[in-house]
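There are 2 protein chains.
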Amino acid sequence: MRYYIGVDIGGTNIVTGLLDEDFNILQKLSVKTNAPRAAESICDDIATMSHKLCEMQGINFDEVLGIGAACPGVIKDGVVSFASNLKFENVPLKGILERKIHKKCAVCNDANAAALAEYASGSGKGYNSLVAITIGTGVGGGIILNGRIWEGFNGAGAEMGHIIAVPGGRLCTCGNRGCLEAYCSATALINDTKEVMLNNPDSKLWEISGGIDNVDGQTAYLAAKQGDKYAQSLIDRFIKYLSIGVVNVVTLLQPEIVCIGGGMSAEGENLIAPLDEMVSHNAIIKTLAKAHRPKIVAAHLLNDAGIVGAAAHIAGELKK
Amino acid sequence: MRYYIGVDIGGTNIVTGLLDEDFNILQKLSVKTNAPRAAESICDDIATMSHKLCEMQGINFDEVLGIGAACPGVIKDGVVSFASNLKFENVPLKGILERKIHKKCAVCNDANAAALAEYASGSGKGYNSLVAITIGTGVGGGIILNGRIWEGFNGAGAEMGHIIAVPGGRLCTCGNRGCLEAYCSATALINDTKEVMLNNPDSKLWEISGGIDNVDGQTAYLAAKQGDKYAQSLIDRFIKYLSIGVVNVVTLLQPEIVCIGGGMSAEGENLIAPLDEMVSHNAIIKTLAKAHRPKIVAAHLLNDAGIVGAAAHIAGELKK
Numbered sequence: 001m002r003y004y005i006g007v008d009i010g011g012t013n014i015v016t017g018l019l020d021e022d023f024n025i026l027q028k029l030s031v032k033t034n035a036p037r038a039a040e041s042i043c044d045d046i047a048t049m050s051h052k053l054c055e056m057q058g059i060n061f062d063e064v065l066g067i068g069a070a071c072p073g074v075i076k077d078g079v080v081s082f083a084s085n086l087k088f089e090n091v092p093l094k095g096i097l098e099r100k101i102h103k104k105c106a107v108c109n110d111a112n113a114a115a116l117a118e119y120a121s122g123s124g125k126g127y128n129s130l131v132a133i134t135i136g137t138g139v140g141g142g143i144i145l146n147g148r149i150w151e152g153f154n155g156a157g158a159e160m161g162h163i164i165a166v167p168g169g170r171l172c173t174c175g176n177r178g179c180l181e182a183y184c185s186a187t188a189l190i191n192d193t194k195e196v197m198l199n200n201p202d203s204k205l206w207e208i209s210g211g212i213d214n215v216d217g218q219t220a221y222l223a224a225k226q227g228d229k230y231a232q233s234l235i236d237r238f239i240k241y242l243s244i245g246v247v248n249v250v251t252l253l254q255p256e257i258v259c260i261g262g263g264m265s266a267e268g269e270n271l272i273a274p275l276d277e278m279v280s281h282n283a284i285i286k287t288l289a290k291a292h293r294p295k296i297v298a299a300h301l302l303n304d305a306g307i308v309g310a311a312a313h314i315a316g317e318l319k320k
Numbered sequence: 321m322r323y324y325i326g327v328d329i330g331g332t333n334i335v336t337g338l339l340d341e342d343f344n345i346l347q348k349l350s351v352k353t354n355a356p357r358a359a360e361s362i363c364d365d366i367a368t369m370s371h372k373l374c375e376m377q378g379i380n381f382d383e384v385l386g387i388g389a390a391c392p393g394v395i396k397d398g399v400v401s402f403a404s405n406l407k408f409e410n411v412p413l414k415g416i417l418e419r420k421i422h423k424k425c426a427v428c429n430d431a432n433a434a435a436l437a438e439y440a441s442g443s444g445k446g447y448n449s450l451v452a453i454t455i456g457t458g459v460g461g462g463i464i465l466n467g468r469i470w471e472g473f474n475g476a477g478a479e480m481g482h483i484i485a486v487p488g489g490r491l492c493t494c495g496n497r498g499c500l501e502a503y504c505s506a507t508a509l510i511n512d513t514k515e516v517m518l519n520n521p522d523s524k525l526w527e528i529s530g531g532i533d534n535v536d537g538q539t540a541y542l543a544a545k546q547g548d549k550y551a552q553s554l555i556d557r558f559i560k561y562l563s564i565g566v567v568n569v570v571t572l573l574q575p576e577i578v579c580i581g582g583g584m585s586a587e588g589e590n591l592i593a594p595l596d597e598m599v600s601h602n603a604i605i606k607t608l609a610k611a612h613r614p615k616i617v618a619a620h621l622l623n624d625a626g627i628v629g630a631a632a633h634i635a636g637e638l639k640k
């Protein structure tokens with residue numbers, strides 16, 4: 001048998017997984033990241049867990065074909081040029097891992113890994129191209145074309161959150177105005193929800209949230225389901241802006257699948273169905289036969305996307 | 321020696337060219353398109369011209385490796401599903417050409433061909449990825465990643481002109497509001513120039529154009545060069561909106577080269593330098609080292625882009 005190890009190096013935890021050839025997870029292990037920490041030390045932990053995973057499954061380490069790691073930041077040719085929450089700058093992560101583990105390793109950005117995971121064994125399985133839009137605290141993404149990550153020539157591509165959705169619009173954390181992330185992240189929805197509450201003391205948002213300090217990304221959805229008109233208009237606006245991002249991605253790339261992931265994707269069809277409806281009103285998309293339109297779907301893999309995608313990435317690199 | 325034939329099937333002319341392996345044009349021939357006309361008849365003309373091109377250059381037809389054709393419309397797997405100005409609907413152009421010419425043929429969209437031409441022997445030569453934005457009557461484009469056209473799974477991708485630049489903005493010919501084309505085409509600039517003239521009788525635009533009916537895509541540029549403030553603000557606005565399109569393309573794809581073509585690219589550095597300046601103020605792009613930023617350049621190939629790109633396309637297909 002042939003196996004891969006996938007590693008998701010997050011700001012909080014380092015999660016490792018042993019996967020079979022079909023990218024099913026057989027075993028997981030994790031440790032705290034304790035960032036900032038030297039990459040050497042992080043890679044020692046990954047090496048230890050890699051051996052341990054095989055032991056736990058009674059698998060010979062020689063049967064592991066390679067190790068893929070995903071982490072935040074801009075990554076090119078195995079070097080993490082910048083990852084703020086790990087405090088990595090120009091860290092040759094691939095090289096360090098290979099030296100410690102004595103197997104072929106590959107490193108990719110975690111958002112790209114999540115997209116590749118959906119392609120390899122999630123909602124994009126069996127398709128040839130996929131764009132993932134990940135909506136959490138921020139908005140990220142990944143582009144998979146012909147089964148491979150497209151990350152830009154410099155490793156900085158697929159920054160869905162920083163598409164300009166509204167020229168001269170809201171200030172984004174990046175410093176630009178009008179970025180998609182300033183309208184369509186959980187952070188933006190939470191801020192908008194609070195603002196609507198302050199302007200509308202009669203809104204059910206008050207009762208449902210239990211107060212302004214308890215508002216989260218689900219509050220507006222919960223209130224809208226109970227018929228609160230203020231909450232519904234929050235959701236409508238959120239989806240309207242998201243549809244601009246989706247339309248721009250589709251107009252440029254026409255992928256088979258647009259996969260919506262991240263915390264907000266937990267809403268499933270409550271998010272996907274109205275988004276799909278709004279996107280399908282676009283005049284360019286309307287000219288396409290239904291079978292030729294990109295499908296908009298929710299992500300399947302959620303928290304495991306990083307390790308699955310990292311494993312799929314090393315598998316792809318080994319096939320090159 | 322090895323040669324290719326490139327064909328550009330336009331609404332007005334069918335231009336054929338004989339090219340060497342480096343995509344230098346050795347000989348050209350053209351006939352009127354006389355659209356609407358049956359694809360069979362068009363392909364007969366292409367076959368006749370293909371043989372004639374070789375005769376004129378004293379080249380044995382056996383030395384031609386393949387024939388590439390570019391035409392407007394949505395094209396997938398050699399079938400033109402829709403091309404309005406040729407009145408083509410579901411025309412299996414590749415199949416018809418191969419039957420008439422007895423050589424491997426390939427068909428691609430003309431905007432994609434223009435992008436591939438810049439990649440193969442124009443301003444993107446020697447780079448690995450390129451996005452072309454073509455600004456003429458409308459705004460089109462082409463995406464080249466890892467040396468190959470990315471046209472979307474359905475053949476409908478790279479529609480730069482229909483990126484939403486201004487949500488709820490100007491009505492576009494496609495039926496949507498706020499498309500880039502509604503702000504950044506020659507058509508849009510001409511309309512805007514006329515509007516500014518009507519509101520400003522003291523503008524030099526009147527003298528330079530010789531009257532409102534003579535305004536073209538260059539009028540504003542000419543007047544701006546002579547210090548007309550109204551013209552300058554027209555140009556500034558045109559470039560500002562174009563920069564939104566470029567920023568969105570770069571944020572998503574980070575290609576090595578963004579190539580500006582079409583009639584408006586005749587302005588060269590008068591367009592490129594301020595565009596580059598504006599794009600470089602984007603916060604995401606500013607985080608990249610200068611060497612890691614996409615280069616914005618003017619297209620080189622102009623009218624020959626179709627035949628060069630079509631030839632480069634068949635060359636790529638034959639290498640598969």
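Chains as they are written, first to last, in this note's numbering: chain A, 1 to 320; chain B, 321 to 640.
A virtual CB, placed ideally from N, CA and C, is assigned to each residue, including glycine.
Short of 6 Å in beta carbon distance, which residues of its chain neighbour residue i, apart from the five on each side in sequence? Order them along the chain.
i        : result
A:Tyr241 : Ala165, Tyr183 and Cys184
A:Leu180 : Val139, Gly161, Ile163, Ala165 and Gly245
B:Ile555 : Ala540 and Ala544
B:Asn520 : Tyr550
B:Asn429 : Ile395
Between residue i and residue j, what straight-line distance do the alpha-carbon atoms span, to the nearest angstrom?
i        : j        : result
A:Ser123 : A:Ala299 : 6 Å
A:Ala47  : B:Ala609 : 33 Å
B:Ser563 : B:Ser600 : 9 Å
A:Thr187 : A:Val215 : 10 Å
A:His313 : A:Gly141 : 16 Å
A:Met278 : A:Asn60  : 51 Å
B:Val400 : B:Val411 : 5 Å
B:Val335 : B:Ala630 : 11 Å
B:Met321 : B:Gly636 : 17 Å
A:Leu86  : B:Asn511 : 52 Å
A:Val250 : A:Glu159 : 15 Å
A:Ala83  : A:Asp20  : 29 Å
B:Val351 : B:Met369 : 9 Å
B:Lys606 : A:Glu63  : 44 Å
A:Tyr340 : A:Arg177 : Summary: the structure shown does not reach residue 340 of chain A, with chain A confined to residues 1 through 320, and so no result is reported for it.
B:Leu542 : B:Asp397 : 44 Å
Tell me the DSSP secondary structure of residue i in three-state form.
i        : result
A:Phe61  : helix
A:Leu253 : helix
B:Gly581 : strand
B:Ala271 : Examination of residue 271 of chain B is not possible in this model, given that chain B is present from 321 through 640 alone.
A:Lys328 : Because residue 328 of chain A is not part of the residues shown, which for chain A are 1 to 320, the question remains open.
B:Leu621 : coil
B:Asp533 : helix
A:Phe238 : helix
A:Ile96  : helix
B:Glu479 : coil
B:Val459 : strand
B:Thr493 : coil
B:Gly330 : coil
B:Gly386 : strand
A:Lys320 : coil
A:Val15  : strand
B:Ala452 : strand
Listing by chain order, which chain A residues have their CB less than 9 Å from the CB of residue i?
i        : result
B:Phe381 : Within 9 Å Cβ-Cβ: nothing; B:Phe381 doesn't reach chain A, min ~34 Å.
B:Asn448 : Phe153
Which bits of chain B does residue i rub up against, with CB to CB less than 8 Å?
i       : result
A:Val64 : Simply none; closest approach about 29 Å.
Determine the chain B residues that contact residue i at a beta-carbon separation under 9 Å, and present them in chain order.
i        : result
A:Val247 : His482, Ile483, Ile484 and Asn496
To which residues of the same chain is residue i closer than 7 Å at the C-beta, ignoring the five residues directly before and after it?
i        : result
A:Leu130 : Ala115, Glu118, Tyr119, Gly124, Ile144, Pro255, Glu256, Ile257 and Cys259
A:Gly157 : Ile143, Trp150 and Glu151
Contact criterion: CB-CB distance below 8 Å. Does residue i meet it with respect to chain E?
i        : result
A:Gly157 : Within the model displayed, chain E is absent; protein chains A and B are what it includes.
What residues from chain B crowd round residue i, counting only those whose CB sits closer than 7 Å?
i        : result
A:Ala283 : Cys494, Gly495 and Asn496
For residue i, which residues from the same chain have a beta carbon less than 8 Å from its beta carbon, with the 5 sequence-adjacent residues on both sides left out?
i        : result
B:Gly331 : Thr353, Ala355, Pro392, Asn405 and Leu406
Could you tell me which chain A residues have their CB closer than 8 Å to the CB of residue i, listed as they occur along the chain?
i        : result
B:Ile564 : Ile164 and Pro167
Checklist entry - Residues in the region 285–307 of chain A with C-beta within 7 Å of chain B's C-beta atoms, listed in sequence order? => result From the region 285–307 of chain A, only Leu288 and His292 have a Cβ closer than 7 Å to chain B.
Item to check | chain A contacts from the region 569–601 of chain B (Cβ-Cβ distance under 8 Å) | outcome: Listed by position along the chain: Val569, Thr571, Leu572, Leu573, Gln574, Pro575 and Glu576.
Checklist entry - When you check each C-beta in the region 479–506 of chain B against every C-beta of chain A, which residues fall closer than 8 Å? => result For the region 479–506 of chain B, the set of residues with a beta-carbon nearer than 8 Å to any beta-carbon of chain A comprises Glu479, Met480, His482, Ile483, Ile484, Ala485, Val486, Pro487, Cys492, Cys494, Gly495 and Asn496, in chain order.
Checklist entry - Between the region 132–145 of chain A and chain B, which residues of the former have CB atoms less than 9 Å from a CB of the latter, in chain order? => result Taking 9 Å as the cut-off between beta carbons, the residues of the region 132–145 of chain A near chain B are Gly141, Ile143 and Leu145, in sequence order.
Next on the checklist: If the cut-off is 8 Å on Cβ atoms, which residues from the region 515–534 of chain B count as contacting chain A, listed in chain order?
Outcome noted: Look at the region 515–534 of chain B: it has no residue with a C-beta under 8 Å from a C-beta of chain A.
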